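*Asks:* Under the working numbering, think of the first position of the sequence shown as 97, with each following residue one higher.
Here it is, the structure in full.
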Amino acid sequence: MRFDELGLRPELLRAIDESGYTQPTPIQERAIPSVLEGKDVMCCAQTGTGKTAAFALPILQRLSEKKRANLRALILVPTRELAIQVGKSLNEYGKYLDIVSTTAFGGVPIEPQQMMLRHGVDILVATPGRLIDHMWRGNIDYRNTEYLVLDEADRMLDMGFIKDVTEIIREIPVERQSMLFSATLDREIVTLAKNILKAPVRIEVAPPATTLDEVDQ
């Protein structure tokens with residue numbers, strides 16, 4: 097299968113081509129059509145399977161088909177490094193679309209993030225702790241949030257973020273499309289999924305035998 101068989105718009109296909117990708121990975125092949133159809137998904141996939149594009153591409157496409165509004169998509173990640181990586185991917189794939197994304201994570205001054213959020217963004221990639229800080233400061237308005245992604249949900253639970261994640265999800269509109277990605281689907285993850293997903297498509301892909309995405313050869 098090729099990317100142009102997945103129903104993606106020309107602007108995204110052009111960005112994908114310029115990124116050097118030729119064929120979708122198994123998780124992209126299975127997840128992208130489901131997300132484009134508006135379905136919730138629960139994916140068991142490890143780093144290196146191409147999971148970021150599996151949610152980033154269809155979210156960018158769906159947002160590009162609708163009227164602009166503030167904070168239409170929220171992507172929760174466990175670490176600053178992953179937030180930077182996902183934010184970079186969104187900018188790379190969405191460079192030919194009129195969509196603004198930004199990141200919010202700890203360990204850096206909060207003021208520049210605050211200014212960006214108040215100016216208005218379509219997509220926010222955030223770590224739970226820093227996002228809670230922004231919520232307390234009144235920088236977050238979830239009224240238009242239609243898409244929620246929990247990336248590496250198992251790591252978020254392992255790092256003790258479950259209380260923050262629960263508090264955040266409680267504020268997001270119930271009428272939304274949700275996606276959960278995790279390297280494992282143990283009891284805690286399945287319980288979390290039941291609380292946030294509606295009739296999800298379950299996708300499991302084997303870990304790749306190739307070099308991880310982040311490793312330069």
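For each residue, glycine too, the CB sits at the ideal point set by N, CA and C.
Remember, predicted model here, so these are calculated numbers, not experimental data.
Which whole-angstrom value is the C-beta distance of I155 and A169, which I expect to be below 8 Å?
*Replies:* Here the question's residue 155 lines up with position 59 in the sequence shown. Here the question's residue 169 lines up with position 73 in the sequence shown. The Cβ separation is near 5 Å, so the contact holds.
*Asks:* Under the three-state reduction of DSSP, which class applies to T241: helix, strand or coil?
*Replies:* For the purposes of this step, residue 241 is taken as the residue at position 145 of the sequence shown. Here T241 sits in coil by DSSP.
*Asks:* Within its chain, find whatever has a CB closer than 7 Å to the CB of V137; leave out the 5 residues flanking it on each side and keep chain order.
*Replies:* Numbered from its first residue, the sequence shown carries residue 137 at position 41. Closer than 7 Å at the Cβ level, and outside the excluded window around V137, lie A127, S130, V131, M275, P296, V297 and I299.
*Asks:* Sorted by chain position, which residues of the same chain lie with C-beta nearer than 6 Å to L246's C-beta, five sequence neighbours on each side aside?
*Replies:* Within the sequence shown, the letter at position 150 stands for residue 246. Hits under 6 Å: L172 and L276.
*Asks:* Cα-Cα, which of K135, A141 and A149 is closest to F99?
*Replies:* Against the sequence shown, residue 99 aligns to sequence position 3. Nearest of K135, A141 and A149 to F99, Cα basis: A149.
*Asks:* L276 by DSSP, collapsed to three states: which one?
*Replies:* Along the sequence shown, read from residue 1 onward, the residue named residue 276 stands at position 180. L276: strand per DSSP, three-state reduction.
*Asks:* Return the chain-ordered list of same chain residues with a C-beta closer than 8 Å to the C-beta of I268, the five sequence neighbours on each side being excluded.
*Replies:* On the sequence shown, residue 268 is found 172 positions in, with the first residue counted as 1. Closer than 8 Å at Cβ, skipping near neighbours: L170, Y238, T241 and L244.
*Asks:* Out of P224, L178, A200 and R214, point me to the one whose CA is closest to G256's CA.
*Replies:* Sequence index remark: in the sequence shown, residue 256 carries index 160 (1-based). Ranking the options by Cα distance to G256, first place goes to P224.
*Asks:* Taking contact to mean at least 3 C-beta pairs separated by less than 8 Å, is the region 185-194 in contact with the region 249-263?
*Replies:* Segments in contact, no.
*Asks:* Buried or exposed, going by whether 16 or more other CB atoms sit within 10 Å of the CB of G116?
*Replies:* Residue mapping note: residue 116 aligns to position 20 of the sequence shown, counting from 1. Burial call: exposed.
*Asks:* Taking the beta carbon of V311 as the centre, do at least 16 other beta carbons fall within 10 Å, making it buried, or is it exposed?
*Replies:* Locating residue 311 in the sequence shown gives position 215, counting from the first residue. Its pLDDT being 46, under 50, V311 is placed unreliably by the model, and the measurement read from it follows with that caveat. V311 is exposed by the Cβ-count criterion.
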